[in-house]
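Enquirer:
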Amino acid sequence: MEDLHTRYEQIQERIAAAAARANRSPNDITLVAVTKTWPVATVLAAYEVGMRHFGENRVEELAEKVPALTQALGPAHGAIWHLIGNLQSRKTSAAADQAHFFHALDRLKIANRLSTELQENGRTLPVLLEVNVSGEASKAGFDVTRWETDEGQRRGIRDAAATIAQLPGLQLRGLMTMAPWEVPDEEIRAVFRRTRELAHWLQETLPRLDFTTLSMGMTDDFEIAIEEGATHVRVGRAIFGEREKP
Ligand SMILES: *Cc1c(COP(=O)(O)O)cnc(C)c1O
1011 MEDLHTRYEQ IQERIAAAAA RANRSPNDIT LVAVTKTWPV ATVLAAYEVG MRHFGENRVE
1071 ELAEKVPALT QALGPAHGAI WHLIGNLQSR KTSAAADQAH FFHALDRLKI ANRLSTELQE
1131 NGRTLPVLLE VNVSGEASKA GFDVTRWETD EGQRRGIRDA AATIAQLPGL QLRGLMTMAP
1191 WEVPDEEIRA VFRRTRELAH WLQETLPRLD FTTLSMGMTD DFEIAIEEGA THVRVGRAIF
1251 GEREKP
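Everything in the sequence shown is counted per the working numbering, starting at 1011 for the first residue and increasing by one.
Below you can see the structure in the form of structure tokens.
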């Protein structure tokens, strides 16, 4: 617990320092504490030291922890649960029921299913489009690896955004991306910068929509992401330590 408190303070200091380097306010950056694989007791300890935004990459795990936290703290706890991993279409209903924010919308099919289910239960869900800027095959998301020069890719992401923004229940808020693994910082920075520029282009092209949220950066690269405009960083290991391998 003491450790968690210390690590939380250190992360906040690093966020503030990165924000200062970019002339940004740390208040514009939301720390999503990634609690995947950790038990509810860890989430409660994180809550105790002040964390309020929690991230899970598997919807099954999120759907277990959301009610468990509410049971432990009562309904007015104010914690926000972010689903940060991709959804399979047969698992959309758990997300429509339980998630407060979905960062990894990567297909229209998922958007349509979520919309139908959200309408059924009268909820709304803010969403981000996951974009694959780096071209790494392991990365999900809309293919925008050459969006600056490829007219088809520009049309693809623009039309997807316009369609999704019209679906009842979904609230399009911006973009999410993952940097490639084990590449030089400059390549990571370029991925974040190009994602920010894409959001900017989309905002100019579709001025009525909202592309102001940028979810980028994890334990190894959140400071670069903040320097390049991230509004949400998703940090697990730097707060909770190494996860056990499944
Ligand atoms: C696990 C995960 C994170 C956090 O990764 P760390 O390296 O532990 O900070 C961030 N985003 C997504 C999508 C994840 O699955």
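Positions of the beta carbon are idealized from the N, C-alpha and C atoms, including for glycine.
Taking 7 Å as the line, does the beta carbon of residue 1201 fall inside it for any heavy atom of ligand 1?
Expert: Against the sequence shown, residue 1201 aligns to sequence position 191. No - ligand 1 has no heavy atom lying nearer than 7 Å to the Cβ of residue 1201.
Enquirer: Within 10 Å of its beta-carbon, does residue 1116 have 16 or more other beta-carbons around it, so buried, or fewer, so exposed?
Expert: Along the sequence shown, one-based indexing puts residue 1116 at 106. Buried: at least 16 other Cβ atoms inside 10 Å.
Enquirer: Quick one: give me the first and last residue of the alpha helix (DSSP H) that residue 1122 is part of.
Expert: Counting from one through the sequence shown, the residue named residue 1122 turns up at place 112. Looking at the DSSP string, the run of the alpha helix (DSSP H) that includes residue 1122 is 1118–1131.
Enquirer: Could you name each continuous beta strand (DSSP E) segment of 3 residues or more that falls completely within the segment 1129–1171, going from the start of the chain to the end?
Expert: With a minimum length of 3 residues, the continuous beta strand (DSSP E) runs that stay inside the segment 1129–1171 are 1135–1142.
Enquirer: So, helix, strand or coil for residue 1098, using DSSP?
Expert: The residue you call residue 1098 lines up with position 88 of the sequence shown. Residue 1098: coil per DSSP, three-state reduction.
Enquirer: Could you say if the segment 1236–1246 and the segment 1043–1062 meet the contact criterion of at least three C-beta pairs nearer than 8 Å?
Expert: They touch, by the three-pair rule.
Enquirer: Answer yes or no: the CB of residue 1044 versus the heavy atoms of ligand 1, is any distance below 7 Å?
Expert: Against the sequence shown, residue 1044 aligns to sequence position 34. Indeed, a heavy atom of ligand 1 lies less than 7 Å from the Cβ.
Enquirer: So is the beta-carbon of residue 1257 under 7 Å away from any non-hydrogen atom of ligand 1?
Expert: The requested residue 1257 is not part of the displayed model; the chain covers only 1011 to 1256.
Enquirer: Considering only the alpha carbon of each residue, which of 1118, 1228, 1217 lies closest to residue 1180?
Expert: The sequence position of residue 1180 within the sequence shown is 170, counting from 1. Residue 1118 is the option with its Cα nearest to residue 1180.
Enquirer: Expressed to the nearest angstrom, what Euclidean distance is found between the alpha-carbon atoms of residue 1229 and residue 1033?
Expert: Translated into the one-based positions of the sequence shown, residue 1229 becomes position 219. Translated into the one-based positions of the sequence shown, residue 1033 becomes position 23. Straight-line Cα distance between these residues: approximately 22 Å.
Enquirer: Quick check on DSSP: helix, strand or coil for residue 1043?
Expert: Residue 1043 sits at position 33 when you count from the first residue of the sequence shown. If DSSP states are grouped into helix, strand and coil, residue 1043 belongs with the strands.
Enquirer: When you measure from the CB of residue 1105 to every non-hydrogen atom of ligand 1, does any distance come out below 7 Å?
Expert: Locating residue 1105 in the sequence shown gives position 95, where the first residue counts as 1. No - ligand 1 has no heavy atom lying nearer than 7 Å to the Cβ of residue 1105.
Enquirer: So if DSSP puts residue 1245 in a beta bridge, which residue, or which two residues, is it bridged to?
Expert: Looking up residue 1245 in the sequence shown gives position 235. Note: residue 1245 sits in a beta bridge opposite 1043.
Enquirer: Determine the burial state of residue 1160: buried for a count of at least 16 other Cβ atoms within 10 Å of its Cβ, exposed for fewer.
Expert: For the purposes of this step, residue 1160 is taken as the residue at position 150 of the sequence shown. With fewer than 16 other Cβ atoms within 10 Å, it is exposed.
Enquirer: Where residue 1024 and residue 1038 are concerned, what is the direct C-alpha to C-alpha distance, given to the nearest angstrom?
Expert: As a working mapping, residue 1024 is identified with position 14 in the sequence shown. As a working mapping, residue 1038 is identified with position 28 in the sequence shown. Using only the alpha carbons, I get a separation of about 14 Å.
Enquirer: How long is the line joining the alpha carbons of residue 1237 and residue 1203, rounded to whole angstroms?
Expert: Start at 1 with the first residue of the sequence shown, and residue 1237 comes out as number 227. Start at 1 with the first residue of the sequence shown, and residue 1203 comes out as number 193. Their backbone Cα atoms lie some 9 Å apart in a straight line.
Enquirer: What span of residues does the beta strand (DSSP E) with residue 1064 cover, start to end?
Expert: The sequence position of residue 1064 within the sequence shown is 54, counting from 1. First-last of the beta strand (DSSP E) with residue 1064: 1063–1066.
Enquirer: Starting from residue 1114, trace the alpha helix (DSSP H) both ways and give me its first and last residue.
Expert: As a position in the sequence shown, residue 1114 is number 104, starting the count at 1. First-last for residue 1114: 1111–1115, but that is the beta strand (DSSP E), not the alpha helix (DSSP H).
Enquirer: With DSSP as the reference, please indicate the residues paired to residue 1259 in a beta bridge.
Expert: Residue 1259 lies beyond the range of the chain shown here (1011 to 1256); nothing can be said about it.
Enquirer: In whole angstroms, give me the CA-to-CA distance for residue 1020 and residue 1130.
Expert: Here residue 1020 refers to the residue found at position 10 of the sequence shown. Here residue 1130 refers to the residue found at position 120 of the sequence shown. Rounded to whole angstroms, residue 1020 to residue 1130 spans 43 Å at the Cα level.
Enquirer: Along the beta strand (DSSP E) that carries residue 1092, what are the first and last residues, could you check?
Expert: For the purposes of this step, residue 1092 is taken as residue 82 along the sequence shown, with counting starting at 1. Counting along the chain, the beta strand (DSSP E) containing residue 1092 begins and ends at 1090–1093.
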